[in-house]
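> In the UniProt record's numbering, the protein residues as written are 1 to 188. Backbone N, C-alpha and C fix where the C-beta goes; we use that ideal spot for every residue, glycine too.
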């Protein structure tokens, strides 16, 4: 019988995804883990290619990156700081494996899809708006935004410190790896 990885390479992308999703409770079992990891690595390599293509094409249809945030910046310096901290696209850091190990230690194992997103893609922030839209409504498009691993580590560390002071502190903890969480909180 072919492995999931071999089937994925032959183009059975959705069937493999569906089969692995159905086995999500067993994904960390040794008999499945390596095969599932190989699929996720290959899947996220495809995601990266697609993201790079999308980033190039969106401006040609009037999409302006970083325009559609749920808040306005008061100074150019504030905007530049945001764009530096959560860039449009950034490849994985050279020390991504160490960062992931630290995050695992602090919070438990990440889902394989997110782990390999960080390893193969890095981070992406497609928050923006079309020129015909009100600028502050861009986040309503629900753009792909996976914040840098550095930010996730800071958030988990802060939540952990708060929990040490007060064990009843805000569980379950939600780490906002996406700007959409911020947008939902601000608009509800």
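Are the CB atoms of residue 112 and residue 27 nearer to each other than 9 Å?
As a position in the chain shown, residue 112 is number 112, starting the count at 1. As a position in the chain shown, residue 27 is number 27, starting the count at 1. It is a contact, given that the beta carbons lie within the stated cut-off.
> Assuming residue 123 and residue 87 form a contact by the criterion Cβ under 8 Å, report the distance between their Cβ atoms to the nearest whole angstrom.
To locate residue 123, count along the chain shown from 1; it is residue 123. To locate residue 87, count along the chain shown from 1; it is residue 87. Residue 123 to residue 87, Cβ: 7 Å. Contact.
> Taking the beta carbon of residue 57 as the centre, do at least 16 other beta carbons fall within 10 Å, making it buried, or is it exposed?
For the purposes of this step, residue 57 is taken as the residue at position 57 of the chain shown. Burial call: exposed.
> By Cβ distance, which residues of its chain are closer than 8 Å to residue 40, with the 5 residues on each side in sequence left out?
As a first step, residue 40 must be located in the chain shown, where it is residue number 40. Counting only Cβ-Cβ distances below 8 Å, and skipping sequence neighbours, we find 112, 113, 115, 116.
> With a CB to CB cut of under 7 Å and the five nearest residues on each side skipped, what residues in its chain are close to residue 153?
The residue labelled residue 153 in the question sits at position 153 within the chain shown. These residues qualify, in order along the chain: 99, 102, 103.
> Relative to the ligand SAH, is the shortest distance from any of its heavy atoms to the C-beta of residue 89 smaller than 8 Å?
Questions concerning the ligand SAH fall outside what the structure shown contains, since it holds no ligand whatsoever.
> At the level of alpha carbons, what is the spacing between residue 19 and residue 12?
Locating residue 19 in the chain shown gives position 19, where the first residue counts as 1. Locating residue 12 in the chain shown gives position 12, where the first residue counts as 1. Using only the alpha carbons, I get a separation of about 11 Å.
> Where does the unbroken alpha helix (DSSP H) through residue 96 begin, and where does it stop?
Start at 1 with the first residue of the chain shown, and residue 96 comes out as number 96. Element bounds for residue 96: 96-107.
> If we call anything under 9 Å between Cβ atoms a contact, is residue 121 one with residue 47?
Sequence index remark: in the chain shown, residue 121 carries index 121 (1-based). Sequence index remark: in the chain shown, residue 47 carries index 47 (1-based). Yes.
> For my contact list, residue 148 and residue 90 are in at a C-beta cut-off of 8 Å; report their separation, rounded to the angstrom.
One-based indexing of the chain shown puts residue 148 at position 148. One-based indexing of the chain shown puts residue 90 at position 90. So it is a contact: roughly 7 Å between Cβ atoms.
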